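A short write-up of the structure that comes next.
Numbering (full-length UniProt numbering), first residue to last: 1 to 251.
This is the structure we're talking about:
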């Protein structure tokens, strides 16, 4: 076959190969994955520490990216700022290990912990205070990933408010989305592979369920989910059940 001859089958095979993730997503995945893998042999307390490390490592990656001239000059500025909490009017999601880590942190934050008591479905996130997040340093990865360029889009989409003027722009910054989604996968998928169910959860009802249950983390680690089924968001596959090997009868 001539070098210039097009091979349609080869092209189709190449097209069907999975594409590698973007470099930013891969970097965040690797940063989270390494924290989880190191913590796995040490138990659930170390795993909650790994969730905190994942937040911090992903933040550092994003901070490094947005400090570059390429990002500053080539990316539309985000409308997000303190006092703009429209995204907190939607159902907030978090991985199970994040919910456990947040609950542990709130044990030392009685003021923020008390905010949970008055929450019920239909309200914004309980931690939205004067348009700002009261637990900003321990907020979930999903919250960290949202950087929209038009606040009116968030008002309309997340809070259901009417907007005026030109059509709201739904665009968002893709870089934080890639970084924090990569970190979320790097946090949850190694846990699932190791046999620990780590679904996405609706943060508010999941957190309310375990906030007064200090044993919840150990129960989850032992394979007994403390979270009600109705709080589960189907982000990730469930861990494969370990197959029991049948003993052969003696002859």
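Quick reminder that beta carbons are idealized off the backbone N, C-alpha and C, glycines included. In this text the structure is predicted, and so the values were computed from the model without any measurement.
query, result
"DSSP-derived helix/strand/coil call for residue 97", "helix"
"Within the segment 58-82, ranges of the alpha helix (DSSP H) (whole runs, at least 4 residues)", "69-74"
"Per-residue burial, residue 199 [other beta carbons within 10 Å of its own, 16 or more giving buried]", "buried"
"Backbone secondary structure at residue 223 - three-state DSSP", "coil"
"Check whether residue 115 and residue 126 have beta carbons under 7 Å apart", "yes"
"Start-to-end residues for the alpha helix (DSSP H) that takes in residue 181", "174-193"
"Residue from 86, 59, 217 whose Cα sits closest to the Cα of residue 183", "59"
"Distance CB(residue 185)-CB(residue 145) smaller than 7 Å", "no"
"Rounded C-alpha distance that separates residue 48 from residue 98", "7 Å"
"Collapsed DSSP secondary structure at residue 202 in the structure displayed", "strand"
"Sub-7 Å separation of residue 94 and residue 201 beta-carbons", "yes"
"Same chain, Cβ closer than 7 Å to residue 163, neighbours up to 5 away in sequence not counted", "152, 155, 156"
"Contact set for residue 243: own chain, Cβ-Cβ below 6 Å, skip 5 residues either direction", "For residue 243, the predicted structure reports a pLDDT of 49, less than 50, and the residue's modelled location is therefore unreliable. A value from the coordinates is still provided. Excluding residues within five positions, none has a Cβ falling inside 6 Å."
"Given 8 Å, three or more beta-carbon pairs between the segment 61-73 and the segment 187-196", "no"
"Beta-bridge pairing of residue 132 - partner residues as DSSP gives them", "129"
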